[in-house]
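This report concerns only the one structure given below.
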Amino acid sequence: MTKQWFALLTLTTMVCLVVGCQIPRLKQLEQENNELRTAMKEKEELLAQSQAGTEKQTETISACRQKIVTQQKQIDDLEMIKFELNKQLELCQVQLKNQNQESERLSESVENYRKQIRKLNDQLETARQTVASLQNQLKGLTTDKTMPSGTTTQPADK
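Each residue of the sequence shown is one higher than the one before, counting from 303 in this note's numbering.
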């Protein structure tokens with residue numbers, strides 16, 4: 303039994319020595335474990351904050367995309383209005399061109415009428431001068447001739 307006892311004692315001593323030698327290492331591992339747990343908690347908090355930020359950023363991006371869609375629709379609507387206004391402008395320009403051409407024709411007609419009126423005024427003045435000259439001649443003829451009753455001849459009615 304002493305051999306067994308001695309073997310047990312030796313085994314116990316060896317276990318104690320092994321365990322005793324490992325106690326500082328065990329404490330070191332526990333400290334590292336605690337540090338890792340603390341670091342892990344910090345990382346989890348950062349991850350949660352990041353996810354919250356990501357969710358907010360996702361919402362912001364979604365809102366921004368919605369605004370882009372709305373603005374693009376407004377741009378499309380404005381482009382359509384611009385297209386319609388350009389068509390109306392072209393029609394107005396054609397009408398204006400036609401009116402300008404008509405105005406030019408009317409101006410030419412007015413100028414032609416003015417020329418004709420000037421010509422007629424000249425002819426009228428010439429005719430008046432001729433009538434005045436003829437009346438003067440007629441007066442001269444009628445004053446030279448006296449009637450037997452002593453009256454002069456009257457010019458014929460026009």
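The C-beta atom is built at its ideal place from N, Cα and C for all residues, glycine as well.
Buried or exposed by the 16-neighbour rule on C-beta atoms within 10 Å, applied to residue i
i: Lys460; result: Note that Lys460 scores 44 on pLDDT, short of 50, meaning its location in the model is unreliable and no value can be drawn from it.
Beta-carbon proximity list for residue i, same chain, < 8 angstroms, skipping 5 on both sides
i: Pro326; result: none
i: Asp378; result: none
Chain-order list of residues whose beta-carbon lies under 7 angstroms from that of residue i (same chain, five-residue window excluded)
i: Lys369; result: none
Cutoff 9 angstroms: residue i Cβ touching any chain B Cβ
i: Tyr415; result: Checking the listed chains, one finds no chain B in this structure; it contains a single protein chain.
Cβ-based neighbour list, residue i, same chain, cut-off 6 angstroms, excluding 5 preceding and 5 following
i: Asn414; result: none
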